[in-house]
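> Sequences listed follow chains A and B, in order. Going by numbering that gives the first Met the number 0, the letters in the first sequence line up with residues 0 to 235, in that order. Going by numbering that gives the first Met the number 0, the letters in the second sequence line up with residues 0 to 235, in that order. Where a beta carbon is used, it is the ideal one built from N, C-alpha and C, also for glycine. Below: one structure in structure tokens.
2 protein chains.
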Amino acid sequence: MTIGLKAVHVSYVAHFLAVLGAILVLVWTIGFRGGLAWESSNKNLIFNIHPVLMLIGLIIIGGQAIMSYKMLPLKKPQKKLVHLTLHAIALALGIIGIYTAFKYHNESNIANLYSLHSWLGIGVISLYGIQWLFGLVVFFYPGGTPSIRKEALPYHVLLGTFVYILALGTASLGYLEKLTFLENNGLAKYGSEAFLVNFTAIVTILYGSFVIFTILSQAPPDEEHDQYGYTPIQNE
Amino acid sequence: MTIGLKAVHVSYVAHFLAVLGAILVLVWTIGFRGGLAWESSNKNLIFNIHPVLMLIGLIIIGGQAIMSYKMLPLKKPQKKLVHLTLHAIALALGIIGIYTAFKYHNESNIANLYSLHSWLGIGVISLYGIQWLFGLVVFFYPGGTPSIRKEALPYHVLLGTFVYILALGTASLGYLEKLTFLENNGLAKYGSEAFLVNFTAIVTILYGSFVIFTILSQAPPDEEHDQYGYTPIQNE
Numbered sequence: 000m001t002i003g004l005k006a007v008h009v010s011y012v013a014h015f016l017a018v019l020g021a022i023l024v025l026v027w028t029i030g031f032r033g034g035l036a037w038e039s040s041n042k043n044l045i046f047n048i049h050p051v052l053m054l055i056g057l058i059i060i061g062g063q064a065i066m067s068y069k070m071l072p073l074k075k076p077q078k079k080l081v082h083l084t085l086h087a088i089a090l091a092l093g094i095i096g097i098y099t100a101f102k103y104h105n106e107s108n109i110a111n112l113y114s115l116h117s118w119l120g121i122g123v124i125s126l127y128g129i130q131w132l133f134g135l136v137v138f139f140y141p142g143g144t145p146s147i148r149k150e151a152l153p154y155h156v157l158l159g160t161f162v163y164i165l166a167l168g169t170a171s172l173g174y175l176e177k178l179t180f181l182e183n184n185g186l187a188k189y190g191s192e193a194f195l196v197n198f199t200a201i202v203t204i205l206y207g208s209f210v211i212f213t214i215l216s217q218a219p220p221d222e223e224h225d226q227y228g229y230t231p232i233q234n235e
Numbered sequence: 000m001t002i003g004l005k006a007v008h009v010s011y012v013a014h015f016l017a018v019l020g021a022i023l024v025l026v027w028t029i030g031f032r033g034g035l036a037w038e039s040s041n042k043n044l045i046f047n048i049h050p051v052l053m054l055i056g057l058i059i060i061g062g063q064a065i066m067s068y069k070m071l072p073l074k075k076p077q078k079k080l081v082h083l084t085l086h087a088i089a090l091a092l093g094i095i096g097i098y099t100a101f102k103y104h105n106e107s108n109i110a111n112l113y114s115l116h117s118w119l120g121i122g123v124i125s126l127y128g129i130q131w132l133f134g135l136v137v138f139f140y141p142g143g144t145p146s147i148r149k150e151a152l153p154y155h156v157l158l159g160t161f162v163y164i165l166a167l168g169t170a171s172l173g174y175l176e177k178l179t180f181l182e183n184n185g186l187a188k189y190g191s192e193a194f195l196v197n198f199t200a201i202v203t204i205l206y207g208s209f210v211i212f213t214i215l216s217q218a219p220p221d222e223e224h225d226q227y228g229y230t231p232i233q234n235e
């Protein structure tokens, strides 16, 4: 399932949406919801860290990690290092972001882990971690044999894409869940904040879609690459 | 992005999940929520038609339409007919399902089209319809020239997969939205109905995932097929 567009061109659209999404989530949490705080008597400020870290960390930086293989004019070992480093940052920010959701719940006496958003979120972060470790061990250090790497590569790409799409779905659930809580407490259903949150969700989904379209597009022809934009095996 | 598993085997898992999902949504709407009705003074019974038609119609039958090309032991023109007929049924049931949501809202004085679920739902059904018409005109009747069909095929597969994943995400939003409303009205967050709805959502996501895995798996070797499991051009 590949398309004829150039990966670098598709990634430009993704970068624009990444900047837009980051601005929107900051406008929402800082401009409309009072700002961000690690410790505060206003527990809502602790919650606000959650969407910021999940969007800018897990989704945006994670998407850049995915696209890095297809868009950067670097040699394979360097792209591999960029790929795993960006994913490590995304994973770390995602873990801190999930921690802030629990912190907010615990300090506000709100139940944990009853919603589909929370269930899928735990699934996503666990799979993301497993996928990162699996990638590290098989493709980087110590690295599997060429035949193991060749066998593992399609599953690495498939599981990675699956986890990323699941992360996008989980983020969408988060926007809807938070906005529904706010609307149940009186926020206008057609007001500016409701539109802002829904547009942030749509920008998130569009960004993720262009990340996936980048994977399915054509890598630069001057680079040595396989169908995923890189050669999985050095001696091939 | 293809994997070495046989498409037919992957589709067996999808079929099992389809039956399970259909049972779960009927147990929820009939067993827990009072049943289904087109006209009733209890407007909740009108709403109940919505998840049943969206899951069994758009998601389950739509998924069978997608998989039909990869799993049925038929010649290409027959598979094409099955593919477009099942998609037409899925689309029709989806449109009726969306109509029942509006009907329920209007008869209960609930606002329409303010949530992310409703926005994406309108997007999904519109794109589904466009995709169906586009497929009909280009690949079936009157049918494009061989070069047009060859050019159009990867985009047909890509857009179809995109719309289907978006439908899965929209369905997940629907489960979460409805359950959040119920929980705000006193339903137990860790009660059996809450678990039932969340498990139905997870079965829906798993079913859709196995539908996508079927597309990415290997079609039967005795059938003539291209990378998508069928030859787009008769004279090739």
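1) Glutamine 77 of chain A bridges to which residues according to DSSP?
2) For lysine 188 of chain B, does the three-state DSSP call read helix, strand or coil?
3) I need the straight-line Cα distance from leucine 172 of chain A to proline 145 of chain B, nearest angstrom please.
4) To the nearest angstrom, how far is it from the Cα of threonine 230 of chain A to the Cα of phenylalanine 139 of chain B?
5) Going by C-alpha distance, which of B:Leu178, B:Gly93 and B:Ile59 is nearest serine 208 of chain B?
6) What are the boundary residues of the alpha helix (DSSP H) that arginine 148 of chain B is part of?
7) Mind pulling the chain B residues with CB within less than 7 Å of glycine 168 of chain A?
8) What does tryptophan 118 of chain B reach in chain A if we use C-beta pairs closer than 7 Å?
9) How big is the Cα-Cα spacing for isoleucine 204 of chain A and isoleucine 2 of chain A?
10) Between the region 179–205 of chain A and chain B, which residues of the former have a C-beta closer than 7 Å to a C-beta of the latter?
11) May I have the straight-line CA-CA distance separating leucine 35 of chain B from tryptophan 131 of chain B, to the nearest angstrom?
12) Please state whether the Cβ-Cβ distance between serine 216 of chain B and lysine 69 of chain B is less than 8 Å.
13) Going by Cα to Cα distance, which pick from A:Ser39, A:Pro72, A:Ile95 and A:Leu126 is closest to glycine 56 of chain A?
14) Look at the Cβ atom of threonine 213 of chain B, then the Cβ atom of tyrosine 174 of chain B, and state whether they are nearer than 8 Å.
15) Does the Cβ-Cβ distance between glycine 33 of chain B and leucine 44 of chain B come in under 8 Å?
16) Considering only C-alpha positions, which residue in the set B:Val7, B:Lys177, B:Phe133 and B:Leu135 is nearest to proline 72 of chain B?
17) Of all the CB atoms in chain A, is at least one closer than 8 Å to the CB of isoleucine 22 of chain B?
18) Is there at least one Cβ from chain C nearer than 8 Å to phenylalanine 161 of chain A's Cβ?
19) Using the C-alpha atoms, what's the distance from isoleucine 164 of chain B back to isoleucine 121 of chain A?
20) If you measure from the beta carbon of serine 114 of chain B to each beta carbon in chain A, is any gap under 8 Å?
21) Identify which residue in B:Leu167, B:Ala151 and B:Gly159 has its Cα closest to the Cα of glycine 128 of chain B.
22) Please decide whether proline 256 of chain B counts as near chain A, where near means a Cβ-Cβ distance under 8 Å.
23) Provide the residue span of the alpha helix (DSSP H) that contains methionine 66 of chain B, from first to last.
24) Just how far apart, CA to CA, sit glycine 142 of chain A and valine 136 of chain A?
25) Taking Cβ to Cβ, would you say glycine 20 of chain B is nearer than 8 Å to leucine 54 of chain B?
26) What residues match up with glutamine 217 of chain A in a beta bridge as DSSP calls it?
27) Please state whether DSSP places glycine 96 of chain A in a helix, a strand or coil.
28) Give the list of continuous alpha helix (DSSP H) stretches no shorter than 4 residues that lie fully inside the region 93–139 of chain A.
29) In the DSSP assignment, find the alpha helix (DSSP H) that holds asparagine 41 of chain A and state where it starts and stops.
30) Verify the CB distance criterion: does alanine 267 of chain A have a CB-CB separation below 8 Å to chain B?
31) So what does DSSP say about glycine 30 of chain B, is it helix, strand or coil?
Per the coordinate set shown:
1) Glutamine 77 of chain A is not bridged to any residue.
2) The answer is coil: DSSP assigns lysine 188 of chain B none of H, G, I, E or B.
3) 42 Å
4) Reliability fails at threonine 230 of chain A, whose pLDDT of 42 lies under 50, so the model's placement of it is uncertain and no value is given.
5) B:Ile59
6) 145–183
7) Gly168 and Ser171
8) Asn197
9) 20 Å
10) Thr179, Asn183, Lys188, Tyr189, Ala193, Asn197 and Ala200
11) 29 Å
12) yes
13) A:Ile95
14) no
15) yes
16) B:Val7
17) No, because no Cβ of chain A sits closer than 8 Å to the Cβ of isoleucine 22 of chain B.
18) Here the protein chains are A and B, and chain C is not one of them.
19) Each residue's Cα considered, the two are about 20 Å apart.
20) yes
21) The option with the nearest alpha carbon to glycine 128 of chain B is B:Gly159.
22) Limits of chain B in this structure are 0 at one end and 235 at the other, which puts residue 256 of chain B out of reach.
23) 61–70
24) 5 Å
25) yes
26) A:Lys5
27) DSSP, reduced to helix, strand and coil, places glycine 96 of chain A within a helical segment of the structure shown.
28) 115–134
29) It is not in any alpha helix (DSSP H) - asparagine 41 of chain A carries neither H nor E in the DSSP assignment.
30) Outside the modelled stretch of chain A, which goes from 0 to 235, sits residue 267 of chain A, for which no answer is possible.
31) helix
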